[in-house]
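Residue numbers (numbering that gives the first Met the number 0): 0 to 280.
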Amino acid sequence: MSGAAGGGGGSSCQGAAAAASCSSAGSPYAAAAGGGAGVAGRLPARVLEHVFSYLELSDLMRCTLVCWHWNNILADENSEVWRSLCNRSLSDESMRSDILCNLPTYRGKLKAYQYALSSHDCSRNVYVKKNGFTLHRNPIAQSTDGARGKIGFTEGRHAWEIWWEGPLGTVAVIGLATKRASMQCQGYLALLGSDDQSWAGTWWTTTCFTTGRSTETSPSIGERIRVILDMDDKTLAFERGFEFLGIAFRGLPKACLFPAVSAVYGNTEVTMVYLGKPLDG
């Protein structure tokens with residue numbers, strides 16, 4: 000599995016304008032495609048699609064800014080261009096399974112991989128599986144272990160889904176963390192939400208640790224909980240199915256905030272899928 004859609008390095012922070020692209024050198028194919036103006040800008044759509052199908056995500060995002068003609072060609076998020084990049088970037092397991100079932104377009108699936116949990120910004124006791132989306136916690140006693148997403152947010156509205164695929168243990172936590180928040184501690188604790196660098200709720204109650212407010216939700220293993228972050232209003236909320244559980248946190252800091260999870264049970268697994276901008280209503 001290549002890192003075309005989102006590198007395997009540590010987490011980074013991007014605003015809404017920059018989040019659409021990854022930082023990487025331009026490919027020779029992008030240079031060959033030209034600058035949009037002149038002959039390249041007048042090439043037939045099928046010719047440009049063939050050229051674009053060899054590009055990586057960062058190059059494609061630059062191509063959308065070249066001219067209206069190129070932008071319109073790449074606007075079809077289920078085109079052969081995005082399908083080809085999906086096949087090169089995502090694992091066969093993630094494409095065949097229901098992990099990405101709520102993302103109907105190839106471009107949406109690529110973006111989810113770009114924003115997935117980081118295999119390099121996590122506790123040493125966990126790792127991201129080959130599917131690129133699922134975190135596995137090793138059976139280490141007296142340890143709480145977490146991970147951050149690859150990309151953090153400073154602006155805009157964002158939503159992602161999280162679900163457990165194994166025992167919860169005593170403390171299974173989902174929420175947000177700054178880059179300074181610890182991803183490992185001794186004992187079995189609510190690692191996220193226990194200080195001023197993270198904000199989170201437990202899986203079975205969505206307890207807000209800094210406010211003490213809790214709502215009993217009792218989700219089952221495999222059930223998806225949606226996390227909704229509004230960096231403009233500085234709020235964090237949760238949804239379960241079609242039920243809005245309410246705003247858990249207000250007044251979030253003006254900082255780069257990352258999706259984050261922490262777990263205590265050995266061999267448990269948790270999956271996170273970025274959905275993009277939440278739907279109103």
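All residues carry an ideal CB built from backbone N, CA and C; glycine is no exception.
Please read all numbers here as calculations on a predicted model, not as lab measurements.
For residue i, three-class secondary structure by DSSP
i: Pro277; result: coil
i: Cys85; result: helix
i: Asp232; result: coil
i: Ile72; result: helix
i: Arg136; result: strand
i: Val46; result: helix
i: Phe243; result: strand
i: Glu79; result: helix
i: Ala271; result: Contrary to the premise, residue 271 reads as Met rather than Ala in this sequence. Reduced to three states, the DSSP call for Met271 is strand.
i: Tyr53; result: coil
i: Asp144; result: strand
i: Cys100; result: coil
i: Cys255; result: coil
i: Glu92; result: helix
i: Thr209; result: Confidence at Thr209 is low in this model, with a pLDDT of 39, below 50, so its placement is unreliable and the value that follows should be read with caution. If DSSP states are grouped into helix, strand and coil, Thr209 belongs with coil.
i: Cys121; result: strand
i: Tyr114; result: coil
Closest Cα partner of residue i within the set the options
i: Tyr114; options: Phe152, His135, Arg87, Gln196; result: Phe152
i: Glu268; options: Asn124, Phe241, Asp120, Ala74; result: Asn124
i: Cys121; options: Leu274, Asn266, Ala262; result: Ala262
i: His157; options: Glu76, Thr104, Ile227; result: Ile227
i: Leu102; options: Trp159, Ala247, Gly155; result: Trp159
i: Gly221; options: Leu251, Thr234, Asp97, Ala236; result: Asp97
i: Glu238; options: Pro277, Leu42, Ser78; result: Pro277
i: Asp229; options: Glu242, Leu244, Gly240, Leu251; result: Leu251
i: Thr270; options: Lys128, Leu56, Ile246; result: Lys128
i: Ala254; options: Thr234, Ser93, Glu55; result: Thr234
i: Leu191; options: His135, Pro258, Pro138, Ile139; result: Pro258
CB of residue i within 8 Å of CB of residue j, strictly
i: Leu116; j: Lys108; result: no
i: Gln183; j: Gly148; result: no
i: Gly165; j: Ala199; result: no
i: Gly131; j: Leu84; result: no
i: Glu76; j: Glu48; result: no
i: Cys62; j: Leu54; result: yes
Nearest-angstrom beta carbon gap, residue j and residue i [assumed within contact, 8 Å]
i: Leu176; j: Ser197; result: The sequence given here places Ala at residue 176; Leu does not occur at that position. Confirmed, about 4 Å.
i: Trp162; j: Ile224; result: 7 Å
i: Ala111; j: Tyr264; result: About 25 Å separates the two Cβ atoms, so there is no contact after all.
i: Thr143; j: Tyr187; result: 6 Å
i: Trp81; j: Tyr105; result: 4 Å
i: Gly168; j: Asp231; result: The Cβ separation is near 35 Å, so there is no contact.
Problem set entry | Inside the region 162-203 only - beta strand (DSSP E) runs reaching at least 3 residues | For the region 162-203, whole beta strand (DSSP E) runs of length 3 or above, ordered along the chain, are 172-176, 183-185, 197-201.
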